[in-house]
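The listed protein sequences correspond, in order, to chains A and B.
Each residue of the first sequence is one higher than the last, beginning at 11 in our numbering.
Each residue of the second sequence is one higher than the last, beginning at 3 in our numbering.
Cβ atoms here follow ideal geometry from the backbone N, Cα and C, with glycine treated the same way.
Here the structure is a predicted model, which is why all the values come from computation and not from measurement.
Everything on this sheet refers to the single structure shown next.
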Amino acid sequence: MTQKEYNNGVRLWADDVYRFAVRCGGGEELSKDAVQEAYASLWERREKVPAEKGKSFLLTVVHNHLMSQHRHSRVHQQTAQQLVPPLLVAPDEGFDLKEALRKALERLPQVQRAAVELKDVEGYSCKEIAEILSLSETQVSVYLFRARVSLKKTLIALGYDNNN
Amino acid sequence: MTITTDNYELYFYRYAEGELNAQERAAVEDFVAQHPQLAEELALYDPQLKISEPPLPYPDKNGLMHHPARVQPLWRWAAAASVAAVLMGGVWLFWPSQSDGVAGSAPLLAQQQPVDTIRPDVEMVEETIRHSAGETAAQPTLAYAKAQPAAVAAPQAEAALPVVSVPQQEDMPSQTVVEAPELLAQADPQPTEAEKDTLVIEYIDVMMFPETEVVQAEPVDTPSLKDRYRNLRSRVSNTIRDYAYKSYAETRGELLAMVNN
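As structure tokens, this is what we get:
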């Protein structure tokens, strides 16, 4: 990867990588740190990383960074309930599928959330997701299955009509 | 393929995503029939339920960019080196050598006039130089400007300028006649190259960095910074030009007095 390709990668991928970090539970500041670390790592290894693999490399670094932070913070969590945001149901309001999906996504384990994000938003195949998340393809399929079932259960709990 | 309660999620996923052939699909349906408690999971799996996210701009892309190494500092160094080279060239241009005497028009004037008329009395010349050097040392313009109120400092500083240059009275020898062999013979030995270098460096320091001194010393109603700088440059230049007729220590003392005061 040349310097020009790297800078193009900043223009083309930074938004997606940042969104991936935020949606995977990084929060604004932690996600910025993760993106900066990912690009710094890419710059250091630019001679070994081909341009077409740049984005997946960034996503891998971001995921590992978030997982590391997540493990670190989990040690300091006092209760398991703090890991899962409370599911607030507002029965008087109309059902907002996007908002419900966002809430449901927040309740997923991080690796499942990352797999769903990469599959649905970034459009990666299971094989590519496996490479990014350092998993086997079978594991990715299983995580995706569990994630979608869990999402559906949460949506129903939020008032989603299963027949829609 | 063998579907078990340990691996059924993989086959359920592939079944729901349409990745299985007819035989494999039948195997999954048989498994669900045998494990009705797992049928709900398969029913909940909705391949159409995809999440979509709006764009989320990263706030500081420029901070992630890597640009080619900037060449501006090199140009700055080159510019500074050019200025120094020009200044040093100027110093050496006006530096009087033993063979040529005073630079500029001096040799030409010396050739055009009879020797008797241009040959000065040694004592008179020495008195002139002492007079000039004494007044120069007594009139450190910047130091005086620092010590006096602005309204008083300005005119006196300007008045000091003619005194610094070589006197032009009719009964005094002009600057061009001071190359008399007697005087040169009585002067201190010519400075070494290291001593010249020292003076040149000091001269350049004054030329390049006078602003701090002058700005700190200048009240608002005194002559402009440009005029002060020109005066200082003129005095330093004259002092170095007169170096041929003075000792190194004396010249250096005058320079340092101008720089430090």
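Beta-carbon proximity check, residue i vs residue j, cutoff 8 Å
{"i": "SER151(A)", "j": "ARG16(B)", "result": "yes"}
{"i": "HIS68(B)", "j": "TRP53(A)", "result": "yes"}
{"i": "HIS80(A)", "j": "GLU47(A)", "result": "no"}
{"i": "ARG158(A)", "j": "TYR47(B)", "result": "yes"}
{"i": "LEU44(B)", "j": "VAL34(B)", "result": "yes"}
{"i": "ILE53(B)", "j": "VAL121(A)", "result": "no"}
{"i": "ALA72(A)", "j": "ALA44(A)", "result": "What sits at residue 72(A) in the sequence shown is Val, not Ala. It is a contact, given that the beta carbons lie within the stated cut-off."}
{"i": "LYS63(B)", "j": "ALA61(A)", "result": "no"}
{"i": "PRO49(B)", "j": "ALA18(B)", "result": "yes"}
{"i": "GLU127(A)", "j": "CYS34(A)", "result": "yes"}
{"i": "MET260(B)", "j": "ARG243(B)", "result": "no"}
{"i": "LEU51(B)", "j": "LEU161(A)", "result": "yes"}
{"i": "GLU38(A)", "j": "VAL32(A)", "result": "yes"}
{"i": "SER78(A)", "j": "ILE142(A)", "result": "no"}
Buried or exposed by the 16-neighbour rule on C-beta atoms within 10 Å, applied to residue i
{"i": "ASP173(B)", "result": "Caution applies to ASP173(B), whose pLDDT of 46 falls short of 50 and renders its modelled position unreliable; the model cannot decide the point."}
{"i": "VAL180(B)", "result": "Caution applies to VAL180(B), whose pLDDT of 44 falls short of 50 and renders its modelled position unreliable; the value that the coordinates give is listed next. The residue in question, VAL180(B), is buried, as its Cβ has 16 or more Cβ neighbours within 10 Å."}
{"i": "LEU22(A)", "result": "exposed"}
{"i": "ALA28(B)", "result": "exposed"}
{"i": "GLN114(B)", "result": "Reliability of the predicted coordinates at GLN114(B) is poor, the pLDDT of 45 falling under 50, and no value is obtained from them."}
{"i": "THR7(B)", "result": "exposed"}
{"i": "PRO221(B)", "result": "With a pLDDT of 44 at PRO221(B), under the threshold of 50, the predicted position of this residue should be treated as unreliable, and no value is reported."}
{"i": "GLY65(B)", "result": "exposed"}
{"i": "VAL59(A)", "result": "buried"}
{"i": "GLU109(A)", "result": "exposed"}
{"i": "SER249(B)", "result": "exposed"}
{"i": "GLN26(A)", "result": "Note that residue 26(A) is Asp in the sequence shown here, rather than Gln. Buried is the call here."}
{"i": "ARG156(A)", "result": "buried"}
{"i": "MET3(B)", "result": "exposed"}
{"i": "ARG55(A)", "result": "exposed"}
{"i": "ALA140(A)", "result": "buried"}
{"i": "VAL30(B)", "result": "buried"}
8 Å Cβ cut-off: residues of chain B touching residue i
{"i": "GLN79(A)", "result": "The premise fails here: GLN79(A) is roughly 18 Å from chain B at the closest Cβ pair, so nothing lies under 8 Å."}
{"i": "TYR134(A)", "result": "Chain B residues near TYR134(A): none, gap ~13 Å exceeds 8 Å."}
{"i": "SER151(A)", "result": "GLU11, LEU12, TYR15 and ARG16"}
Rounded distance between the beta-carbons of residue j and residue i, thought under 8 Å
{"i": "TYR16(A)", "j": "TYR60(B)", "result": "In fact, because the Cβ distance is near 15 Å, the residues do not count as touching under 8 Å."}
{"i": "LEU165(A)", "j": "ALA114(A)", "result": "6 Å"}
Contact set between residue i and chain A, taken where Cβ atoms lie within less than 8 Å
{"i": "MET3(B)", "result": "Those do not exist, as MET3(B) stays about 12 Å from chain A at its closest Cβ, beyond 8 Å."}
{"i": "GLU55(B)", "result": "ARG29, ARG33, GLU127 and VAL131"}
Residue i: first and last residue of the uninterrupted alpha helix (DSSP H) it sits in
{"i": "GLU57(A)", "result": "Neither: GLU57(A) is in no alpha helix (DSSP H) and is coded neither H nor E."}
{"i": "ASP25(A)", "result": "13–31"}
{"i": "VAL30(B)", "result": "24–36"}
{"i": "TYR134(A)", "result": "Taken as a continuous stretch (DSSP letters only), TYR134(A) belongs to no alpha helix (DSSP H), as it is neither H nor E."}
{"i": "LYS63(A)", "result": "Segment: none, LYS63(A) is in no alpha helix (DSSP H) and carries neither H nor E."}
{"i": "THR148(A)", "result": "147–167"}
{"i": "GLN122(A)", "result": "120–126"}
{"i": "ASP13(B)", "result": "It should be noted that the sequence gives Tyr, not Asp, for residue 13(B). Start and end: 10–18."}
{"i": "GLU42(B)", "result": "41–46"}
{"i": "LYS108(A)", "result": "107–116"}
Listed by chain order, chain B residues near residue i by CB distance under 7 Å
{"i": "ASP25(A)", "result": "PRO57, LEU58, PRO59 and TYR60"}
{"i": "ASN17(A)", "result": "MET67 and HIS68"}
{"i": "PHE155(A)", "result": "GLU11, PHE14, TYR15 and TYR47"}
{"i": "LEU111(A)", "result": "ILE53"}
Cross-chain neighbours of residue i in chain B, by beta carbon under 9 Å
{"i": "GLN122(A)", "result": "None at all; the shortest Cβ gap to chain B is about 12 Å."}
{"i": "ARG21(A)", "result": "LYS63 and MET67"}
{"i": "VAL59(A)", "result": "The contacting residues do not exist; VAL59(A) stays about 14 Å from chain B at best."}
Residues that residue i contacts on chain A, provided the C-beta gap is smaller than 7 Å
{"i": "GLU43(B)", "result": "VAL159"}
{"i": "LEU22(B)", "result": "Those do not exist, as LEU22(B) stays about 12 Å from chain A at its closest Cβ, beyond 7 Å."}
{"i": "LEU46(B)", "result": "VAL159, LYS162 and LYS163"}
{"i": "LEU51(B)", "result": "ARG158, LEU161 and LYS162"}
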